[in-house]
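The next block holds one structure in the form of structure tokens; read it before the comments.
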Amino acid sequence: MAGYLFYPPADEAQDHIWSDTVEKWGEAQAIGYITDLHQHLQTLSEAPTLWRKLPGNLAIPADLKLDAYFSHYGRHYVFFRKLSGDRIGVISILHDRMDVPVRLAEDLRTLEARSEDT
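Residue 21 in the UniProt record's numbering sits at position 21 of the sequence shown; the count goes up by one each step and never skips.
This is the structure we're talking about:
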């Protein structure tokens, strides 16, 4: 069954997107944006032809062992990888005004550190 899971950095980003949107534009806008984000993720899990491979200069550490992909949604970039079945694992969600390479590297280091703890 197609679907998606959030890694901790992406889950935290979603929380920040929610709170920032509520603060700036209100709860109704936040509900709409997050709901549409989840629909976008579901669509990605069902349609690999929409995936764009992460460029080499943003390559992920070898410890993660899988190719990474990205998609643009609204004002955010969504980074993810293929999981078993038809699922995707959302690695990171970054606003397009952020220093994406630096922030993505930080999120990937967080994932590496957490995988070493287990």
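The beta carbon of each residue, even a glycine, is placed where N, CA and C say it ideally should be.
| said: For the structure I just gave you, are there three or more beta carbon pairs, one from the stretch 42 to 55 and one from the stretch 65 to 85, closer than 8 Å? | reply: yes
| query | In the structure shown, what three-state DSSP assignment does Y77 receive? | reply | strand
| message | Using a Cβ-Cβ cutoff of less than 8 Å, which residues in the same chain neighbour G74 once the five nearest sequence positions on both sides are dropped? | response | Y33, D36 and L37
| Three-pair Cβ contact test at 8 Å for the stretch 2 to 18 versus the stretch 88 to 100 | yes
| query | A10: buried (16+ other C-beta within 10 angstroms of its C-beta) or exposed? | reply | buried
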